[in-house]
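Here the structure comes first, spelled out in structure tokens, and everything after it is commentary.
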Amino acid sequence: MAGFKETPRQKMIAMMYLVLTALLALNVSVEILNAFVTVNEGMQTTNSSLTEKVNSEYSKFKVQNDLQPAKVGTFYNQALDIKKQADELVVYIDRLKLKLIAAEEQKSEKEALKEYFTKERVPDPTSAKLYREVNVVDLGKVGAKDKYDQATRILVKRKEGYKLADKMTDFRNKVLQIKGIEDPQSGAIGLNTSKTYIDNDGLKQDWVTHTFYHIILAADITILNKIINEVRTAEFDAVNSLYAQINEEDFKFDNVAAKVIPTSTYVLENSKYEAEVLVAAYDSKNNSQARVRQGISKYDAKNSSGYKVVQGEDGVVKLSFAASSPGIKKYAGAIDVKGPDGNTKSYPFSGEYVVAPPSLTVAATKMNVFYIGVQNPVSISVPGVPSSNIHPAINAGGKLTSDGKGGYFVEVTKAMKKAVVSATASIDGKEVPMGESTFRVKRIPSPQAEVANQLEGKLPKNQLIAAGAVIPKMKDFDFDLNFVITKFNMSTVINGDNVTKRTNGNRFTPEMVSLIKNARPGQKFYFENIEAVGPDKVKRSLNPVSLEIK
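Residue numbers for the sequence shown follow this note's numbering, so the first one is 3 and each next one is one higher.
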């Protein structure tokens, strides 16, 4: 047999048989490959959940740092450093997965990324408004998942596996330091690449060779995802250790918001709006309550009677008071909050606000008039400012007095072109100018003289006698003024002669009455030269009155 000489065709068949045998020996069943795909998908899902869990810890940490940066800042900065190193390591592993798949599929990394990876959008733990994209491998789409030549070359021969091991060791040592574990071989966390392994021939192997040498691509990807799981788990342990070092007696809050507290609840033009801006924190799970009482400026812890209990919702107590009357309103009370130790603590508060009545000011700009010698009623108010805090004034020649009912009277004692009413108001301890209004100054209009409620016309003799006087009447004038008739003449014609009687005052004289009694139908009586004096002491000449006896 040994001397048998094979033909070239036989040699070729024998060589093909050897190659087929080798291929059969190296072939991995479809069931095993599908199992790797399933395990890898489960590992990726676990990693996503673990990442969200870690991010939640960073969010809690950030809230405490915002509240107490001086106290928490050192620990928070260490946590951010851990996050940075963990993220960098995960990014390196993800790029390594891409490099292995691209090499085995004999494609560029750009092509492999587009064909075998999907993008997922995940929130950034340091900001609720920021998101980042991560690439997730779809191992089921990879055709070369049963290959290992290029993966072994990259990870073992080109030393990428050793670079990964060094990065894992650096991160592991950082976590051990934070957790206070001195034993470098401690099994408290994973990522240990310093172990020595024995192969089937009894030879020693390092972690890289043992983990990646002649290992198919599907297994490599699954192993790399397992390493990411160990990274995130170690990261979570480190952040938890740092967070635990914050004083456990401190209040824990899950909401932080900016609050604006104004120094004044009412601001006028040309004044200043002032407010304090601070960060307020509250726990939406703590159903606190408040005890509040109106009409007081300070909470009295010894006397709790008269306080109304207001239940909070989502960690916030909302106060609501009925604005039943105008003026400055004060209130005070205390909010009860359950502390970390389970005991309730009370925090006093107080405040004030201004209730202003609904008001509408309509001013006819061409009819702003003060009349000389009378009490001109005016209303002077500043919306949101109590009347007791308003201080009005008028220019020379005018007098301003209170009517005792919240209004004012303006009296102009002499003729002048205009009167100017101004006011200041006490606001937050300062006297603030409120502006001014200008009024024209006019004489009071003259009244209308009437006899028996008539200016002219016919009337019975007895009705004229009963009237008995000349009466001054203000027509279409809102002031209730008192004018006095100082004198008048009454004249009539008797037998062709003009007869005139004069008197001081407004009453008919007996002679006038006698003339009226003896009057004939059709006889006319004239009331003329009527003079009157009003509140302004100015003599007025009034209209004549002409009446006929019927």
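Note that beta-carbon positions come from the ideal geometry of N, C-alpha and C, so glycine has one too.
None of the values given here were measured: they were computed from a predicted structure.
Residue burial classification, residue i (beta-carbon count within 10 angstroms, cutoff 16)
{"i": "Q46", "result": "buried"}
{"i": "R160", "result": "exposed"}
{"i": "G308", "result": "exposed"}
{"i": "F77", "result": "buried"}
{"i": "T541", "result": "Checking the sequence shown, residue 541 turns out to be Lys, not Thr. By the 10 Å Cβ count, K541 comes out exposed."}
{"i": "D222", "result": "buried"}
{"i": "L25", "result": "Residue placement at L25 is poorly supported in this model, since its pLDDT is 42, which falls under 50; the coordinates still yield a value, given next. Exposed, by the Cβ-count rule."}
{"i": "K310", "result": "exposed"}
{"i": "N464", "result": "exposed"}
{"i": "N42", "result": "buried"}
{"i": "R155", "result": "exposed"}
{"i": "E354", "result": "exposed"}
{"i": "N414", "result": "Here the sequence assigns Val to residue 414, which means Asn is not the residue at that position. Buried, because 16 or more other Cβ atoms sit within 10 Å of the Cβ of V414."}
{"i": "P449", "result": "buried"}
{"i": "T235", "result": "buried"}
{"i": "P462", "result": "exposed"}
{"i": "P394", "result": "buried"}
{"i": "F372", "result": "buried"}
{"i": "A88", "result": "buried"}
Close-in-space but distant-in-sequence residues of the same chain around residue i (CB under 8 Å, 5 per side omitted)
{"i": "N175", "result": "P186"}
{"i": "T48", "result": "N231"}
{"i": "R522", "result": "I551"}
{"i": "I396", "result": "L402, V412, A421, V422, V423 and S424"}
{"i": "Q560", "result": "Because the chain spans 3 through 552 in this model, residue 560 falls outside it and cannot be assessed."}
{"i": "V535", "result": "F485, V486, T488, K541 and R542"}
{"i": "L91", "result": "K169, M170, F173 and V233"}
Assigned secondary structure, residue i (DSSP; H/G/I helix, E/B strand, else coil)
{"i": "M418", "result": "coil"}
{"i": "L461", "result": "strand"}
{"i": "Q70", "result": "coil"}
{"i": "S326", "result": "coil"}
{"i": "S188", "result": "coil"}
{"i": "P350", "result": "strand"}
{"i": "G335", "result": "strand"}
{"i": "T505", "result": "strand"}
{"i": "I180", "result": "helix"}
{"i": "V453", "result": "strand"}
{"i": "M492", "result": "strand"}
{"i": "G44", "result": "helix"}
{"i": "K541", "result": "strand"}
{"i": "R442", "result": "strand"}
{"i": "G400", "result": "strand"}
{"i": "E433", "result": "strand"}
{"i": "V387", "result": "strand"}
{"i": "A146", "result": "coil"}
{"i": "N345", "result": "coil"}
Residues of its chain near residue i, where Cβ-Cβ distance is below 7 Å and the 5 sequence neighbours each way are ignored
{"i": "K300", "result": "A334 and S352"}
{"i": "L115", "result": "L100 and N137"}
{"i": "A130", "result": "In this predicted model, A130 has a pLDDT of only 49, less than 50, meaning its place in the structure is not dependable; the value taken from the coordinates is given anyway. Once the five neighbours on either side are set aside, A130 has no close Cβ partner at all."}
{"i": "S404", "result": "Y410"}
{"i": "K407", "result": "none"}
{"i": "Y215", "result": "T154 and V158"}
{"i": "T211", "result": "V158"}
Cβ pair residue i, residue j closer than 8 Å
{"i": "V547", "j": "A451", "result": "yes"}
{"i": "P474", "j": "L549", "result": "no"}
{"i": "L52", "j": "Y150", "result": "no"}
{"i": "E533", "j": "S493", "result": "no"}
{"i": "V412", "j": "T440", "result": "no"}
{"i": "L193", "j": "F173", "result": "yes"}
{"i": "A469", "j": "V443", "result": "no"}
{"i": "V312", "j": "A292", "result": "yes"}
{"i": "V56", "j": "E237", "result": "yes"}
{"i": "G163", "j": "E107", "result": "no"}
{"i": "A427", "j": "I392", "result": "yes"}
{"i": "I337", "j": "Y349", "result": "yes"}
{"i": "F63", "j": "A37", "result": "no"}
{"i": "K553", "j": "A190", "result": "Nothing about residue 553 can be read from this structure; the chain reaches only from 3 to 552."}
Distance between beta carbons of residue j and residue i, contact taken as under 8 Å
{"i": "E117", "j": "K143", "result": "7 Å"}
{"i": "V177", "j": "A240", "result": "5 Å"}
{"i": "P379", "j": "I446", "result": "The pair is not a contact, with the Cβ atoms about 15 Å apart (cut-off 8 Å)."}
{"i": "V472", "j": "F490", "result": "5 Å"}
{"i": "I34", "j": "L226", "result": "No, I34 and L226 are not in contact; Cβ-Cβ is about 18 Å, not under 8 Å."}
{"i": "M514", "j": "K503", "result": "5 Å"}
{"i": "T346", "j": "V339", "result": "7 Å"}
Close beta carbons around residue i, own chain, < 6 Å, minus the five adjacent residues each side
{"i": "E135", "result": "K121 and R123"}
{"i": "V481", "result": "This sequence places Phe at residue 481; Val is not what is there. V376, listed in sequence order."}
{"i": "I298", "result": "A334"}
{"i": "T554", "result": "Outside the shown range of the chain, which is 3 to 552, sits residue 554, and nothing can be said about it."}
{"i": "K539", "result": "none"}
Any non-hydrogen atom of the ligand SAH within 7 Å of residue i CB
{"i": "R160", "result": "Summarising the ligand content, the structure contains no ligands, and the ligand SAH is consequently not present."}
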